[in-house]
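In our numbering, the protein residues as written are 26 to 273.
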Amino acid sequence: MSIQVHHAKGDTSGFLNDFAEPTIIEADQDILAYFLANTEAQKDIPAGIQWNNVLMSNDDDVVTPSDYHLLFAQDIRTFYRNRIMMRRLKGHQPSHFQNKVYQFVTSDKPNQIEVDNQGIMIKLPDFYVYDRAMDHLHENYHTKFESNFKHKYNSLNILVEPVTYTLSFVEHTQKKTKNIKNHEYWFVDSDQILHKLSFDIENPLKHLFVKHLKSSNGVLDIAACRVHASVPGYEDFDYLEMEHWEIQ
Numbered sequence: 026m027s028i029q030v031h032h033a034k035g036d037t038s039g040f041l042n043d044f045a046e047p048t049i050i051e052a053d054q055d056i057l058a059y060f061l062a063n064t065e066a067q068k069d070i071p072a073g074i075q076w077n078n079v080l081m082s083n084d085d086d087v088v089t090p091s092d093y094h095l096l097f098a099q100d101i102r103t104f105y106r107n108r109i110m111m112r113r114l115k116g117h118q119p120s121h122f123q124n125k126v127y128q129f130v131t132s133d134k135p136n137q138i139e140v141d142n143q144g145i146m147i148k149l150p151d152f153y154v155y156d157r158a159m160d161h162l163h164e165n166y167h168t169k170f171e172s173n174f175k176h177k178y179n180s181l182n183i184l185v186e187p188v189t190y191t192l193s194f195v196e197h198t199q200k201k202t203k204n205i206k207n208h209e210y211w212f213v214d215s216d217q218i219l220h221k222l223s224f225d226i227e228n229p230l231k232h233l234f235v236k237h238l239k240s241s242n243g244v245l246d247i248a249a250c251r252v253h254a255s256v257p258g259y260e261d262f263d264y265l266e267m268e269h270w271e272i273q
């Protein structure tokens, strides 16, 4: 079999076992590559549900990872191994989640995962895409603000009258955490300062915003209150959050 579910008593017959809960999922190649290969086709179905269907299905229905999936899985593992290791070297204490990620990506048995840790694997590809996009923004735009600039755009700035700014679109990200599921649209002004506006991922009017963004070639006049914010986990990643925004 390409994927096996091992139970506490050594049974591999699947989840419907009368005597023991499943403990280990094992594949004949990188388990993350199997996850990527079997959850990429149906974007409208949550990846966790797709993966559970794979585990419950016959082996003939399981998609074998291609070289692309194997390389993508390796890229994710290398990215988070290096990222978390650098945080430790810089004296930052990784979170409990980051420690679990590090254990997964550095495992000497990449073809296996504990059932209780599947949530990490399921979230990791989305986190990877988001973190790579954020790294790109951090490296290519003005993200270090002086203290007087931060003070000028402190949280009280949300109370002032909105001002219109001409901004150029540079990046779209999707933030998917336990408490936040947002579309994030990143813009820059003439000084290459990052601005972000965001809305719920389920917002039914998103298509209207995207349509307007495309028709304007990515340049919008937006009236908003600008408030200083920073991205956690980075040194000097400042930006301006757009509050009470309205496209002009």
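Cβ coordinates follow ideal geometry from the N, Cα and C atoms, glycine included. Remember, it's a predicted structure, so these values are computed and weren't measured experimentally.
Handout entry: Status (buried if at least 16 other CB within 10 Å, exposed otherwise) for H117
Key = Taking the sequence shown and counting its residues from 1, one reaches residue 117 at position 92. With fewer than 16 other Cβ atoms within 10 Å, it is exposed.
Practice task
Work out the CA separation of V213 and Y190 for me, nearest whole Å.
Solution key: If you number the sequence shown from 1, residue 190 lands on position 165. If you number the sequence shown from 1, residue 213 lands on position 188. Cα-Cα distance, rounded: 10 Å.
Handout entry: Simplified DSSP assignment, three categories, for S172
Key = Here residue 172 refers to the residue found at position 147 when the sequence shown is read from its first residue. It is helical.
Exercise for the section: Check whether the Cβ atoms of R251 and E271 lie closer than 9 Å to each other. Expected result: Indexing the sequence shown from 1 puts residue 251 at position 226. Indexing the sequence shown from 1 puts residue 271 at position 246. No; because the gap between Cβ atoms is not below 9 Å, this pair is not in contact.
Practice task
Measuring alpha carbon to alpha carbon, tell me which of V79, H161 and K231 ends up nearest Q67.
Solution key: For the purposes of this step, residue 67 is taken as residue 42 along the sequence shown, with counting starting at 1. Comparing Cα-Cα distances from Q67 to each of V79, H161 and K231, the minimum goes to V79.
Exercise for the section: Answer with buried or exposed for Q263, where buried requires no fewer than 16 other C-beta atoms within 10 angstroms of its C-beta. Expected result: Taking the sequence shown and counting its residues from 1, one reaches residue 263 at position 238. Note that residue 263 is Asp in the sequence shown, not Gln. Per the 10 Å Cβ criterion, buried.
Handout entry: Span separating the alpha-carbon of D36 from that of D84
Key = Residue mapping note: residue 36 aligns to position 11 of the sequence shown, counting from 1. Residue mapping note: residue 84 aligns to position 59 of the sequence shown, counting from 1. For D36, the predicted model reports a pLDDT of 48, less than 50, meaning its position is unreliable; a value from the coordinates is still stated below. Distance between the alpha carbons of D36 and D84: 16 Å.
Problem - Cβ-based neighbour list, D53, same chain, cut-off 6 Å, excluding 5 preceding and 5 following - result: In the sequence shown, counting from the first residue as 1, residue 53 sits at position 28. Result list for D53: S27, in chain order.
Handout entry: Residue range of the unbroken alpha helix (DSSP H) whose run includes D300
Key = Because the chain here runs from 26 to 273, residue 300 falls outside it and cannot be looked at.
Practice task
Name the two residues that bound the continuous alpha helix (DSSP H) containing K201.
Solution key: Walking along the sequence shown from the start, residue 201 turns up at place 176. Here K201 belongs to no alpha helix (DSSP H); instead the beta strand (DSSP E) covers V188 to K201.
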